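Undergrad: Structure in structure tokens, see below.
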Amino acid sequence: MTYLAKPKIAHPSLPKNKLGLTRRDYEGSLSTLCAGCGHDSITAAITEACWGLSLEPQNLVKLSGIGCSSKTTAYFVSGGHGFNSVHGRMPSIATGANAANRELQYIGVSGDGDTLSIGLGQFCHAIRRNLNMLYIIENNGVYGLTKGQFSASADVGTKAKKGETNFQPPVDPVLLALTLGANFVARSFSGDKQQLVPLIQAGLAHNGFALIDVLSPCVTFNDHEGSTKSYAYTREHYEPAVHADFVPLEREITADYKEGEALPVVMHDGSRIVLRKLDAGYDPTDRGRAQAYIQERMKEGEYLTGLLYVQTGEKEFHELNGTPDTALNKVPYEKLSPGSKGLEKILARYR
Amino acid sequence: MSPTTITPRTDAGSGASHTPGVNDFVIKIATVNGTGSASANSLLMKSIFRSGVPVMGKNYFPSNIQGLPTWYEIRVTKHGYVARSGRVDIMVAMNAETYARDVKEVASGGYLIYDSTWPRPSLLKRDDITVLGVPLAQLCNENFSGVRTRILMKNICYAGALAALLDLDLQQIRKLLAETYAKKPQLVDSNMKAIQLGYDYAKQAFQCPLPLRVDPRAIEGGSKTSGHIMIDGNTAAALGCVFAGATVAAWYPITPSTSLMDAFKAFCDRMRVDPETGRKNFAFIQAEDELAAVGMTIGAMWNGARAFTATSGPGISLMSEFVGLAYYAEVPAVIFDIQRVGPSTGMPTRTQQCDIMAAAYASHGDTRHVCLYPSNPEECFYMAVQAFDLAERLQTPVFVMSDLDIGMNDWMCRDLKWDDSYRPDRGKVLSHDEIVKLEKFHRYMDKDGDGIPYRTLPGVHPKGSYFTRGSGHTQYGTYTEDSVEYQIVLDRLTKKWETAKRLVPRAIIDATAGSDIGLVSIGSCDGAIHEAIDRLKAEGVRVNYMRVRAFPFSEDVERFLAAHKLIFVIEQNRDGQFRSLLTLETRVEKHKLRSLLHYSGLPISSSFIVDGVLAEVRPQPRPEEQEALGAAG
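Respectively, the protein sequence lines represent chains A and B.
In our numbering, each number is its position in the first sequence, counted from 1, plus 100.
In our numbering, each number is its position in the second sequence, counted from 1, plus 194.
Now the structure itself:
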């Protein structure tokens with residue numbers, strides 16, 4: 101059997117969250133990715149974020165497509181259902197699942213191939229529907245499982261392991277999401293857990309579609325000299341523009357920031373994100389200017405990171421559809437069927 | 195062409211045609227798409243239906259919004275036949291573009307009605323038919339203003355002329371118009387005026403009514419249409435989805451399936467909106483393509499809602515990958531395939547049964563899917579409900595294989611009935627308490643020996659969580675690349691398939707003829723076959739009949755095939771797909787099966803079947819007759 105259950109070690113001194121659960125309770129099975137893979141750091145960040153939020157494990161639904169990144173949904177929160185679907189089609193599974201039960205939290209984990217090539221269409225339409233989910237792209241610019249082909253996020257001029265140069269311009273998920281009207285758009289780096297964990301927490305709390313594009317170097321096929329998605333290159337070129345602290349509902353905001361520098365954003369559930377601008381020229385609440393600035397910096401080879409754009413108060417998928425606050429899969433059958441009397445009335449029109 | 199295939203080129207029929215008469219004839223109306231003829235045609239059909247005389251209507255329309263030729267066939271049938279007979283007794287030729295072929299199609303002794311505002315002596319060369327000229331354009335130009343109104347009223351006007359010729363009840367027509375235009379009463383008067391113009395002209399110009407007329411009093415035993423409705427299969431299927439308790443509907447627009455989704459939405463907007471909160475107890479999602487549509491369906495059913503999608507051939511091709519996932523990961527899904535002419539885009543507004551193989555084995559790898567084959571709208575209603583029960587009971591995708599003829603034409607059916615004691619069969623879904631009691635949950639284990647495992651829904655209990663995947667998995671639900679573990683699951687799926695054979699609707703078998711010749715068919719061929727059986731009987735050929743209603747084939751299908759020496763497999767595609775499926779999935783000896791293949795895009799006719807069977811089973815002429823024939827040739 102190639103499946104390995106991660107042994108659960110219950111150490112009494114492990115810190116517990118509100119539910120009395122330890123970080124271990126939010127882990128999944130053992131990762132089968134390469135040692136040093138950026139994706140594993142993201143898995144750890146998701147685990148940490150969910151533990152920190154005291155999420156009921158069974159209330160987290162984990163969705164993915166195909167590829168290295170998509171395997172990772174098995175590696176965290178084993179108490180939640182997972183669905184590893186088909187290549188590039190995770191958003192449609194997420195849409196159906198969310199339509200059936202809006203009471204759960206949906207996290208989708210995808211890769212740059214899964215999202216930006218084969219799944220580009222579904223990705224765009226999930227944004228258009230403002231599906232209430234957190235969508236994480238583990239972006240490494242390369243196809244790992246098929247051994248190193250360029251993906252659609254590969255930068256112009258980047259070199260493959262075998263020396264080939266990419267000349268096609270990349271699809272940037274952050275700019276794309278901004279164009280399509282996404283209201284929570286973030287970029288991060290798998291090597292920056294401090295930035296990533298609160299982003300994931302904020303993304304889960306956001307009411308509507310939340311995107312986090314996480315630069316996540318592939319140690320095996322894209323970590324060489326000449327690659328623009330290597331650890332070294334990413335560390336050098338990623339630039340935190342906005343720091344987001346996530347403040348859960350139950351915690352008082354203790355101001356450890358100076359007035360004027362911080363911008364608290366109240367989320368749907370009453371929790372808050374406190375944004376701190378690290379780059380003076382940046383405004384994370386202005387879609388057009390954010391877009392222009394990200395693009396400008398990109399031309400200079402810099403990747404701005406952090407919560408790059410946030411807008412709360414927009415209607416998500418169910419609110420747009422007018423469905424009830426409770427899950428559709430819980431509506432009793434008696435409420436759904438018109439019954440024999442109802443049928444009689446309907447048939448009158450066809451006589 | 196293989197020797198086992200018989201494919202007559204036309205539906206017109208030869209020796210097997212019968213004589214038309216009162217309450218037994220066919221009208222065909224040739225018009226231009228987008229000129230409002232649809233209202234005129236349904237007005238005619240419904241007024242006949244309401245008078246108690248059985249009627250059939252078929253719409254042959256182009257893939258176009260305006261301008262291309264379109265035909266509507268109304269068959270008045272005292273026997274209550276629901277299929278085409280294959281002949282045309284009265285042609286209403288309103289389209290100059292198709293005039294020549296329309297005139298040609300009228301059976302000898304029949305009638306041609308045309309707009310005599312522009313006389314066409316050159317085309318009226320047939321002396322075996324009666325030509326009735328009505329100056330429709332002139333009448334409408336004199337009485338109505340506005341180009342568009344004149345065009346629309348011209349079509350209502352021919353309905354008026356037909357009302358006089360066929361002896362239809364004008365009061366009934368007015369009543370129908372009042373129902374149709376309940377919200378626009380001014381249209382009732384203008385339409386009625388056009389009806390009256392045509393009616394009065396025909397009354398004074400011709401001897402009304404014609405020998406081919408509608409006479410409710412001549413129907414033995416009174417009304418043959420009470421206890422019946424006129425409904426199309428897509429509406430009936432949508433109604434089935436409402437009654438089945440479906441809450442999530444996802445689709446991508448494609449002819450001829452779109453009206454199913456439109457109907458579902460219309461029913462839900464009326465009956466599924468909470469009167470107190472105004473909230474909708476349904477989610478109606480127009481997807482970006484068919485891949486997403488079926489993905490949403492699968493996602494929703496995985497998460498415990500009843501969900502469905504509707505599509506046609508091209509959509510089936512696109513959905514196949516996901517269908518394979520649902521088969522292997524054992525997720526229920528309901529997919530309506532309203533089949534249309536293929537291959538590729540084919541003829542989107544014409545009918546065929548050409549996705550039989552594509553649906554049965556959709557997707558790569560070893561996959562087989564439950565398919566239901568409704569034969570009319572009534573069955574679409576019941577099978578829609580059954581499809582959800584089967585999908586959830588078997589945890590697998592279920593296809594409902596309707597077609598354009600069933601889906602988009604109004605059929606006379608028995609009243610739909612509903613049993614209020616019905617409750618959805620949600621299959622083996624573990625409740626919260628059942629999960630808690632388990633020592634450990636194993637998603638893909640065969641606990642009951644029927645090949646159907648237990649499943650859990652997200653959000654219920656962490657002990658019930660598992661990982662759904664299309665990659666290799668063990669019976670415990672974990673990832674595997676181990677040959678033995680992989681095969682355990684695959685073999686259990688085979689066992690589940692055997693269970694499916696016992697759960698799907700059985701074939702309908704009529705062996706009263708006691709013949710060793712059998713007809714075997716599926717779906718919308720049924721109406722034409724029933725009529726063909728009557729006509730064959732009149733010719734001295736008796737046949738048994740089996741209509742298969744589901745794949746996998748149950749044991750009764752095997753028995754019928756084994757019990758007959760010669761079997762005609764009747765279906766509407768070129769390659770004999772249903773015959774192929776029978777040879778692959780039963781023990782039948784191939785040589786016994788003769789294909790009768792109708793794939794013109796029009797619904798199959800009884801004449802086609804009669805001719806096909808007679809070509810094979812009619813006793814050969816005696817030697818002396820053959821000599822005589824040879825000498826004559």
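Every residue, glycine too, gets a C-beta built ideally from N, C-alpha and C.
Model, not experiment: these values are computed from the prediction.
Give the residues of chain B in contact with Val431 (chain A), contact being defined as C-beta atoms less than 8 Å apart.
TA: What you label residue 431 (chain A) is simply residue 331 of the first sequence in a count that begins at 1. Correct list: Thr441 and Asn475.
Undergrad: Cα-Cα, which of A:Ile227, A:Gln249, A:Cys168 and A:Arg124 is closest to His111 (chain A)?
TA: Position 11 of the first sequence, counted from the start, is the residue given in the question as residue 111 (chain A). Answer by Cα proximity: A:Arg124.
Undergrad: Helix, strand or coil for Gln395 (chain A)? Go by DSSP, reduced to three states.
TA: By one-based count along the first sequence, residue 395 (chain A) stands at place 295. Helix, per DSSP.
Undergrad: Hey, which unbroken runs of the beta strand (DSSP E) at 3 residues or more fall wholly within the stretch 555-619 of chain B?
TA: 564-566, 591-597 and 604-608
Undergrad: Near Arg451 (chain A), what residues of its chain come up, given a Cβ to Cβ distance below 7 Å and the 5 sequence neighbours on each side ignored?
TA: Start at 1 with the first residue of the first sequence, and residue 451 (chain A) comes out as number 351. None.
Undergrad: Just the Cα atoms here: how many angstroms apart are Lys435 (chain A) and Val678 (chain B)?
TA: To locate residue 435 (chain A), count along the first sequence from 1; it is residue 335. To locate residue 678 (chain B), count along the second sequence from 1; it is residue 484. So the alpha carbons of these two residues sit roughly 46 Å apart.
Undergrad: If I follow the unbroken alpha helix (DSSP H) through Thr491 (chain B), where does it start and stop?
TA: Taking the first residue of the second sequence as position 1, residue 491 (chain B) is located at position 297. Here the alpha helix (DSSP H) through Thr491 (chain B) covers Glu484 to Trp496.
Undergrad: Would you identify the three-state DSSP class for Ile702 (chain B), choosing helix, strand or coil?
TA: Here residue 702 (chain B) is taken as the residue at index 508 of the second sequence, counted from 1. Note: Ile702 (chain B) maps to strand in three-state DSSP.
Undergrad: Does the CB of Leu485 (chain B) have a neighbour CB from chain A at under 8 Å?
TA: Taking the second sequence and counting its residues from 1, one reaches residue 485 (chain B) at position 291. At a cut-off of 8 Å between C-beta atoms, Leu485 (chain B) counts as an interface residue with respect to chain A.
Undergrad: Start and end of the beta strand (DSSP E) containing Glu765 (chain B)?
TA: Walking along the second sequence from the start, residue 765 (chain B) turns up at place 571. Here the beta strand (DSSP E) through Glu765 (chain B) covers Leu760 to Glu765.
Undergrad: So, helix, strand or coil for Lys367 (chain A), using DSSP?
TA: One-based indexing of the first sequence puts residue 367 (chain A) at position 267. Looking at the sequence itself, residue 367 (chain A) is Met, so the reference to Lys does not match. Residue state, collapsed to three classes: coil.
Undergrad: With a threshold of 6 Å on Cβ separation, who are the neighbours of Val714 (chain B) within its own chain once the five nearest residues in sequence on each side are excluded?
TA: Within the second sequence, numbered from 1, the residue matching residue 714 (chain B) stands at position 520. These residues qualify, in order along the chain: Met740, Ile761 and Val763.
Undergrad: Check each residue of the stretch 493-504 of chain B: if its Cβ is closer than 7 Å to any Cβ of chain A, include it; give the result in chain order.
TA: Those would be Gly493, Ala494, Trp496, Asn497, Gly498, Ala499 and Ala501, in chain order.
Undergrad: Between the stretch 154-177 of chain A and chain C, which residues of the former have CB atoms less than 9 Å from a CB of the latter, in chain order?
TA: In the structure shown, chain C does not exist; the protein chains are A and B.
Undergrad: Does the beta-carbon of Pro432 (chain A) have 16 or more other beta-carbons within 10 angstroms, so that it is buried, or is it exposed?
TA: To locate residue 432 (chain A), count along the first sequence from 1; it is residue 332. Exposed, because fewer than 16 other Cβ atoms sit within 10 Å of the Cβ of Pro432 (chain A).
Undergrad: Can you tell me which of B:Gly717, B:Arg686, B:Val328 and B:Leu318 puts its alpha carbon nearest to the alpha carbon of Leu588 (chain B)?
TA: Here residue 588 (chain B) is taken as the residue at index 394 of the second sequence, counted from 1. Ranking the options by Cα distance to Leu588 (chain B), first place goes to B:Arg686.
Undergrad: When you compare the CB of His225 (chain A) with every CB in chain B, is at least one pair closer than 8 Å?
TA: For the purposes of this step, residue 225 (chain A) is identified with residue 125 of the first sequence, where counting begins at 1. It does: the Cβ of His225 (chain A) has a partner Cβ on chain B nearer than 8 Å.
Undergrad: Which whole-angstrom value describes the C-beta separation of Asn235 (chain B) and Ile268 (chain B), a residue pair presumed to lie in contact below a C-beta threshold of 8 Å?
TA: For the purposes of this step, residue 235 (chain B) is taken as residue 41 along the second sequence, with counting starting at 1. For the purposes of this step, residue 268 (chain B) is taken as residue 74 along the second sequence, with counting starting at 1. Right, the Cβ-Cβ distance comes to about 7 Å (below 8 Å), so this counts as a contact.
Undergrad: Specify the secondary structure class of Pro410 (chain B) as computed by DSSP and reduced to three states.
TA: On the second sequence, position 216 is the one that residue 410 (chain B) refers to. It is helical.
Undergrad: Could you tell me whether the Cβ of Ile425 (chain B) comes closer than 8 Å to any Cβ of chain A?
TA: Along the second sequence, read from residue 1 onward, the residue named residue 425 (chain B) stands at position 231. Taking Cβ atoms only, chain A reaches closer than 8 Å to Ile425 (chain B), which makes this a yes.
Undergrad: To which residues of the same chain is Gln381 (chain A) closer than 7 Å at the C-beta, ignoring the five residues directly before and after it?
TA: Counting from one through the first sequence, the residue named residue 381 (chain A) turns up at place 281. Going by the sequence as given, residue 381 (chain A) is Gly instead of Gln. So the list reads Tyr393, once near-sequence residues are dropped.
Undergrad: Ignoring anything shorter than 3 residues or poking outside the stretch 212-240 of chain B, list the beta strand (DSSP E) runs there in chain order.
TA: Fully enclosed beta strand (DSSP E) runs of 3 or longer: 218-226.
Undergrad: Near Val528 (chain B), what residues of its chain come up, given a Cβ to Cβ distance below 6 Å and the 5 sequence neighbours on each side ignored?
TA: Taking the second sequence and counting its residues from 1, the one referred to as residue 528 (chain B) is at position 334. The answer, listed in chain order, is Phe502, Ala581, Phe582, Ala585 and Val592.
Undergrad: In chain B, which residues lie with their C-beta within 7 Å of the C-beta of Glu203 (chain A)?
TA: Within the first sequence, numbered from 1, the residue matching residue 203 (chain A) stands at position 103. Going along chain B in sequence order, the residues near Glu203 (chain A) (Cβ under 7 Å) are Gly653.
Undergrad: Between the Cα of Ala430 (chain B) and the Cα atoms of B:Trp605, B:Arg743, B:Ala701 and B:Pro508, which residue gives the shortest distance?
TA: Here residue 430 (chain B) refers to the residue found at position 236 when the second sequence is read from its first residue. The option with the nearest alpha carbon to Ala430 (chain B) is B:Trp605.
Undergrad: Could you please tell me which residues of the stretch 508-530 of chain B, in chain order, have their CB closer than 7 Å to any CB of chain A?
TA: Glu515, Phe516 and Leu519
Undergrad: Residue ranges of each alpha helix (DSSP H) run of no fewer than 4 residues wholly in the stretch 246-313 of chain B, ordered along the chain?
TA: DSSP runs (the alpha helix (DSSP H)) wholly in the stretch 246-313 of chain B: 293-299.
Undergrad: Please state the DSSP three-state secondary structure of Glu127 (chain A).
TA: By one-based count along the first sequence, residue 127 (chain A) stands at place 27. Reduced to three states, the DSSP call for Glu127 (chain A) is strand.
Undergrad: Could you tell me whether the Cβ atoms of Val341 (chain B) and Val282 (chain B) are closer together than 8 Å?
TA: Counted from its first residue, the second sequence places residue 341 (chain B) at position 147. Counted from its first residue, the second sequence places residue 282 (chain B) at position 88. For Val341 (chain B) and Val282 (chain B), no; Cβs fall outside 8 Å.
Undergrad: Using a Cβ-Cβ cut-off of less than 8 Å, list which residues of the stretch 176-193 of chain A approach chain B; keep chain order.
TA: Ser178, Gly179, Gly180, His181, Gly182, Phe183, Asn184, Ser185, Val186, Arg189, Pro191, Ser192 and Ile193
Undergrad: Roughly how many angstroms lie between the CA atoms of Pro469 (chain B) and Ile682 (chain B), to the nearest whole one?
TA: On the second sequence, position 275 is the one that residue 469 (chain B) refers to. On the second sequence, position 488 is the one that residue 682 (chain B) refers to. So the two alpha carbons sit approximately 51 Å from each other.
Undergrad: I want to check one thing, is the minimum distance from the CB of Val271 (chain A) to the heavy atoms of the ligand GDP below 7 Å?
TA: Among the components modelled here there is no ligand, and therefore nothing to report on the ligand GDP.
Undergrad: Can you have a look at Gln546 (chain B) and say buried or exposed, based on whether 16 or more other CB atoms are within 10 angstroms of its CB?
TA: Mapped onto the second sequence, residue 546 (chain B) falls at position 352. When all chains shown are included, Gln546 (chain B) counts as buried.
Undergrad: Since Arg451 (chain A) meets chain B, which of its residues come closer than 7 Å, beta carbon to beta carbon?
TA: The sequence position of residue 451 (chain A) within the first sequence is 351, counting from 1. Chain B residues near Arg451 (chain A): Ile423.
Undergrad: Among A:Thr195, A:Glu156 and A:Leu447, which has the Cα closest to the Cα of Ile425 (chain B)?
TA: Here residue 425 (chain B) is taken as the residue at index 231 of the second sequence, counted from 1. It is A:Leu447.
Undergrad: Tell me which residue opens and which closes the beta strand (DSSP E) that Asn738 (chain B) is part of.
TA: Locating residue 738 (chain B) in the second sequence gives position 544, counting from the first residue. Taken as a continuous stretch (DSSP letters only), the beta strand (DSSP E) holding Asn738 (chain B) covers Asn738 to Val742.
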